[in-house]
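Trainee: Protein chains in written order, with our numbering: chain A, 16 to 197; chain B, 16 to 197.
Can you keep this structure in mind? I'll have questions shortly.
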């Protein structure tokens, strides 16, 4: 295992879930990514969203930082040339690859962005996800974001934060702001 | 005004507050910072915390990204050589500088990290903060983080998110994890 030199025995790999209907689930996860990056962790970002539109800012920043693996369902995933039309197939293909990379200990920090949706929609099996995460080898922090995280997942998480919308400008008919919303 | 070329008339500068007892207030703000960075916004981060210990990851990432002004109370602020011992004096000095930079339109995106505390503790006057923000010139997104944001501030914010702790590893006696907590 190619472990960062600064790791100590008290370090423990965490399963973190950011859920809720409010803003900040993914943005907080990308903030964590900055910390992981600063620690020279090997980072993998897997975005389980159909459209690649909304992540431009974070992706550009990740490219500028360097050393971050960034895979997006909205781009059809980079590792497969198979023609996967449906979101369900794309999501299953994404999870299959994440499983392989977890088994290979390819990363020290994995961000599975919007990954609650494939579970909620039944495209991937939540119990299998949990079992895979429970038995992941070595030291791999995993952060999962998205609304309506399954209770079974929350029960197995080390850290759960719920983002609650208190007030949102869209309520007042203000459109999303570039540089803030995407 | 040195405005980014991509701005359109429908853009509107927002006052954003991330509050609550949960994790992710600052990390979500740093995620927003990535988006602002990707848009070539002129970014200023002002950290109203005494210790500089906890922000190492984000600060290193910001340095790597480049073009981000980063000022921290924990380092005694860079612009002053005055000997300010108390947190109250340091916080007031920080806010005075932020006011000047707002008036100068020095940034397009300002992150006032942990800035609720100086307001809560009465070190800076909340009403004055709100009046200053209300009358800020041009296009300046302002993000304020910290627990217990004053109601008066929330009432004047465009976007408020509350981060609620659902489950935290510290509850189980697990210590903070490097690369995640700092």
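Don't be surprised by glycine CBs; every beta carbon is placed ideally from N, CA and C.
What are the residues of the stretch 69-82 of chain B that lie near chain A, defined by any Cβ-Cβ distance shorter than 7 angstroms?
Mentor: The stretch 69-82 of chain B vs chain A, Cβ under 7 angstroms: 71, 72, 73, 75, 76, 79, 80.
Trainee: Give the straight-line distance between the Cα atoms of residue 101(B) and residue 156(A), rounded to the nearest whole angstrom.
Mentor: Position 86 of the second chain, counted from the first residue, corresponds to residue 101(B). Position 141 of the first chain, counted from the first residue, corresponds to residue 156(A). Straight-line Cα distance between these residues: approximately 38 angstroms.
Trainee: With C-beta atoms as the reference, is residue 92(A) less than 8 angstroms away from residue 112(A)?
Mentor: Position 77 of the first chain, counting from 1, holds the residue named residue 92(A). Position 97 of the first chain, counting from 1, holds the residue named residue 112(A). Against a cut-off of 8 angstroms, the Cβ pair of residue 112(A) and residue 92(A) comes out as a contact.
Trainee: Just verifying my parser: in three-state terms, what is the DSSP assignment at residue 59(B)?
Mentor: If you number the second chain from 1, residue 59(B) lands on position 44. Strand, per DSSP.
Trainee: Which whole-angstrom value describes the C-beta separation of residue 73(A) and residue 149(B), a residue pair presumed to lie in contact below a C-beta threshold of 8 angstroms?
Mentor: Working through the first chain from its first residue, we reach residue 73(A) at position 58. Working through the second chain from its first residue, we reach residue 149(B) at position 134. No, residue 73(A) and residue 149(B) are not in contact; Cβ-Cβ is about 30 angstroms, not under 8 angstroms.
Trainee: Taking the continuous alpha helix (DSSP H) assigned at residue 168(B), which residues delimit it?
Mentor: The sequence position of residue 168(B) within the second chain is 153, counting from 1. Taken as a continuous stretch (DSSP letters only), the alpha helix (DSSP H) holding residue 168(B) covers 166-171.
Trainee: At a Cβ threshold of 8 angstroms, is residue 60(A) touching chain B?
Mentor: Translated into positions along the first chain, residue 60(A) becomes position 45. Not an interface residue.
Trainee: Any C-beta of chain B sitting closer than 8 angstroms to the C-beta of residue 131(A)?
Mentor: As a working note, residue 131(A) is residue 116 in the first chain. Not one chain B Cβ lies under 8 angstroms of residue 131(A).
Trainee: Ordered along the chain, which non-local residues of its own chain (more than five positions away) have a Cβ less than 7 angstroms from that of residue 177(A)?
Mentor: Taking the first chain and counting its residues from 1, one reaches residue 177(A) at position 162. If we look at residue 177(A) and ignore the five residues flanking it on each side, its Cβ neighbours are 34, 35.
Trainee: Mind the definition here: the stretch 82-89 of chain A touches the stretch 54-61 of chain A only if three or more C-beta pairs lie below 8 angstroms; say whether that holds.
Mentor: Because the criterion of three Cβ pairs below 8 angstroms is met, the stretch 82-89 of chain A and the stretch 54-61 of chain A touch.
Trainee: If you measure from the beta carbon of residue 113(A) to each beta carbon in chain B, is any gap under 8 angstroms?
Mentor: Numbered from 1 along the first chain, position 98 holds the residue referred to as residue 113(A). Not one chain B Cβ lies under 8 angstroms of residue 113(A).
Trainee: Taking residue 106(B) as the reference, give the member of 126(B), 130(B), 124(B) with the closest Cα.
Mentor: Here the question's residue 106(B) lines up with position 91 in the second chain. When each option's Cα is compared against that of residue 106(B), the closest is 130(B).
Trainee: Which residues does DSSP pair with residue 180(B) in a beta bridge?
Mentor: Sequence index remark: in the second chain, residue 180(B) carries index 165 (1-based). Note: residue 180(B) sits in a beta bridge opposite 176(A).
Trainee: Taking Cβ-Cβ distances shorter than 7 angstroms, what residues in chain A pair up with residue 45(B)?
Mentor: Residue 45(B) sits at position 30 when you count from the first residue of the second chain. 46, 49, listed in chain order.
Trainee: DSSP three-state call for residue 90(A): helix, strand or coil?
Mentor: Taking the first residue of the first chain as 1, we reach residue 90(A) at position 75. Looking at residue 90(A) - three-state DSSP - the assignment turns out to be helix.
Trainee: What residue ranges within the stretch 96-126 of chain B form continuous alpha helix (DSSP H) runs of no fewer than 4 residues, ordered along the chain?
Mentor: Here the runs fully enclosed are 102-119.
Trainee: Does the beta carbon of residue 33(A) come closer than 8 angstroms to any beta carbon on chain B?
Mentor: In the first chain, the residue the question calls residue 33(A) occupies position 18. For residue 33(A), the answer is yes, since a Cβ of chain B falls inside 8 angstroms of its Cβ.
Trainee: Tell me which residue opens and which closes the beta strand (DSSP E) that residue 30(A) is part of.
Mentor: Within the first chain, numbered from 1, the residue matching residue 30(A) stands at position 15. It spans 30-34 - the beta strand (DSSP E) in which residue 30(A) sits, taken as one unbroken run.
Trainee: Name the chain A residues that come within less than 7 angstroms of residue 144(B), Cβ to Cβ?
Mentor: One-based indexing of the second chain puts residue 144(B) at position 129. Per Cβ cutoff of 7 angstroms: no residues; residue 144(B) is ~18 angstroms from chain A at best.
Trainee: Can you pull the chain A neighbours of residue 157(B), defined as C-beta to C-beta under 8 angstroms?
Mentor: Residue numbering aside, residue 157(B) sits at position 142 when the second chain is read from its first letter. Near residue 157(B) there are no residues of chain A at all, since even the closest Cβ is about 11 angstroms away, more than 8 angstroms.
Trainee: At a CB-CB cut-off below 8 angstroms, which residues of chain A make contact with residue 161(B)?
Mentor: In the second chain, residue 161(B) corresponds to position 146, counting from 1. None at all; the shortest Cβ gap to chain A is about 14 angstroms.
Trainee: In the DSSP output, which residue or residues are listed as bridge partners for residue 158(A)?
Mentor: Against the first chain, residue 158(A) aligns to sequence position 143. For residue 158(A), which the question treats as bridged, DSSP gives the partners 31(A), 126(A).
Trainee: By the criterion of Cβ-Cβ separation under 7 angstroms, what are the contact partners of residue 110(A) in chain B?
Mentor: Taking the first chain and counting its residues from 1, one reaches residue 110(A) at position 95. What residue 110(A) touches in chain B: nothing, since even the nearest Cβ is about 23 angstroms away.
Trainee: Suppose the cutoff is 8 angstroms on Cβ atoms and the five residues either side in sequence are ignored; what does the same chain contact list for residue 56(B) look like?
Mentor: Taking the first residue of the second chain as position 1, residue 56(B) is located at position 41. Cβ neighbours of residue 56(B) beyond the five flanking positions: 19, 122, 123, 124, 156.
Trainee: So residue 136(B) packs on residue 28(B), CB below 8 angstroms; how close in whole Å?
Mentor: Within the second chain, the letter at position 121 stands for residue 136(B). Within the second chain, the letter at position 13 stands for residue 28(B). In fact, because the Cβ distance is near 27 angstroms, the residues do not count as touching under 8 angstroms.
Trainee: Nearest-angstrom Cα distance between residue 180(A) and residue 170(B)?
Mentor: On the first chain, residue 180(A) is found 165 positions in, with the first residue counted as 1. On the second chain, residue 170(B) is found 155 positions in, with the first residue counted as 1. Going from the Cα of residue 180(A) to the Cα of residue 170(B) covers about 14 angstroms.
Trainee: Just to check my reading of the structure: residue 167(A) and residue 142(A) have Cβ atoms closer than 8 angstroms, yes? What is that Cβ distance to the nearest angstrom?
Mentor: Stepping through the first chain from its first residue, residue 167(A) is reached at position 152. Stepping through the first chain from its first residue, residue 142(A) is reached at position 127. Right, the Cβ-Cβ distance comes to about 7 angstroms (below 8 angstroms), so this counts as a contact.
Trainee: Can you pull out the residues from the stretch 171-183 of chain A whose beta carbon lies closer than 9 angstroms to at least one beta carbon of chain B?
Mentor: The residues in question are 172, 173, 174, 175, 176, 177, 178, 179, 180, 181, 182, 183.
Trainee: Would you please verify whether the beta carbon of residue 137(B) is less than 8 angstroms from any beta carbon of chain A?
Mentor: Counting from 1 along the second chain, the entry for residue 137(B) is found at position 122. With 8 angstroms as the cut-off, residue 137(B) does not count as an interface residue toward chain A.
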